[in-house]
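Asks: Position in the sequence shown (first residue = 1) + 1096 = our numbering.
All C-beta atoms, glycine included, are put in the ideal place defined by N, C-alpha and C.
Quick caveat, the model's predicted, so the values are computed rather than measured.
Next up is a structure, given as structure tokens.
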Amino acid sequence: MSFLERLHAAARANDSWLCVGLDPDPSMLPTGLSLDMFLDGVVEATQDLVCCFKPNLAFFEALGMEGQQAVRSLLRRIPSSIPVLIDAKRGDTPHSMSAYARAIFEDLHADAVTVSPYLGADSLAPFLQYADRGVFLLCKTSNPGAGEIQDLMVGAEPLYLHIARRALAWDRHGTVGLVVGATYPGDVAAVRQIAPDTPILLPGVGAQAGDLEAAVRSAADSNGERVIVNASRSVLYASRAADWQNTAHQAADALRHQINGARANLSATRAL
């Protein structure tokens, strides 16, 4: 199965377009828990509520050998029915990108990855040659400073919209997605207008205080789907008390219901 097929299967099975981001910060873990115990507990608590999991490699790499071992252990524990989207944001020359692609798709066996498009088509080619894997291009990111570069005008439109248009041209296998922050719902809508069928990974919900309702309504495709709403800290660190696992489950379930509510409202509005 391709990444999109696996994504849709998980979304249907769990009635969910929520993605839980796995960004381990040892300083935030409940007392007495090892990194492996914490990650295993998060997966166990949320695996029936998500369409995918998104490990952020930066947080694992920062922990050295322990982190390298932890991410491999984590990937073995995630159920095979749930796709894994590795948040790597790789961006380099083609030769280096070939090595990154092998590491992520052949060594870690990820189903999808985030990459930077700013080195052009030849840089992305090593990832895009994997016809069954998803490749999400940074388009309009959720951070406050995103507009310094991504809003720069390229001809008559901002750079992030130019990236969305290029994504369509580069997407020969139907594997390309776009990363667009929930913190900019108006920009999400502009991207969706250009790319009506492209999957959108929507970070910025939860700790970054993006408007979930507005962002989901802007990002969902014509069927109310293909909007992968990521939440990390607001689920992982919802509690550091003894009930942390149950609290993580409750936080994820609440977000899932909010996402589905926004999708239902969108469907009702479109039916009018």
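(1) Quick one: is L1248 buried, meaning 16 or more other Cβ sit within 10 Å of its Cβ, or exposed?
(2) Just how far apart, CA to CA, sit A1344 and R1359?
(3) Rounded C-beta distance between D1183 and P1213? I'm assuming under 8 Å.
(4) Output the residue ranges of the beta strand (DSSP E) runs that lie fully inside the stretch 1220-1248 and measure 3 residues or longer, sorted by chain position.
(5) Beta strand (DSSP E) containing R1322: first to last residue?
(6) For V1272, name the three-state secondary structure that DSSP assigns.
(7) What's the call for P1222, buried or exposed, on a 16-neighbour Cβ count within 10 Å?
(8) Considering only residues of the same chain and omitting the five flanking positions on each side of A1260, which have a CB-CB separation below 7 Å?
(9) Using the three-state DSSP reduction, which class does T1142 fall into: helix, strand or coil?
(10) Three Cβ pairs or more, each shorter than 8 Å: is that satisfied between the stretch 1251-1265 and the stretch 1194-1206?
(11) Does the Cβ of I1178 have 16 or more other Cβ atoms within 10 Å, making it buried, or fewer, making it exposed?
(12) DSSP three-state label for T1127, please.
(13) Taking the straight line between their C-alpha atoms, what separation do you get for V1139 and V1250?
(14) Measure the alpha-carbon distance for V1231 versus D1188 and round it to whole angstroms.
(15) Determine the burial state of D1218: buried for a count of at least 16 other Cβ atoms within 10 Å of its Cβ, exposed for fewer.
(16) Could you give the distance in angstroms between the alpha-carbon of G1282 and the alpha-carbon of R1322?
(17) Determine whether the beta carbon atoms of L1298 and V1325 lie at a separation below 8 Å.
(18) Where do the N-terminal and C-terminal ends of the alpha helix (DSSP H) with V1312 fall, by residue?
(19) Is the Cβ-Cβ distance between D1293 and D1317 less than 8 Å?
Replies: According to the structure shown:
(1) exposed
(2) Each residue's CA atom was taken as its position, placing A1344 and R1359 some 23 Å apart.
(3) At roughly 15 Å, the Cβ-Cβ gap does not stay under 8 Å, so D1183 and P1213 are not in contact.
(4) 1230-1236
(5) R1322 -> no beta strand (DSSP E), and no H or E assigned at all.
(6) strand
(7) Taking all protein chains in view, the Cβ of P1222 is crowded by 16 or more other Cβ atoms within 10 Å, so the residue is classified as buried.
(8) C1235, L1274, V1287, I1290 and A1291
(9) Residue state, collapsed to three classes: helix.
(10) no
(11) Answer is buried; the Cβ neighbour count reaches 16.
(12) It is coil, neither helix nor strand.
(13) 42 Å
(14) 15 Å
(15) With fewer than 16 other Cβ atoms inside 10 Å of its own Cβ, D1218 counts as exposed.
(16) Roughly 18 Å between the two C-alpha positions.
(17) yes
(18) V1312 -> alpha helix (DSSP H) spans L1308 to A1315.
(19) yes
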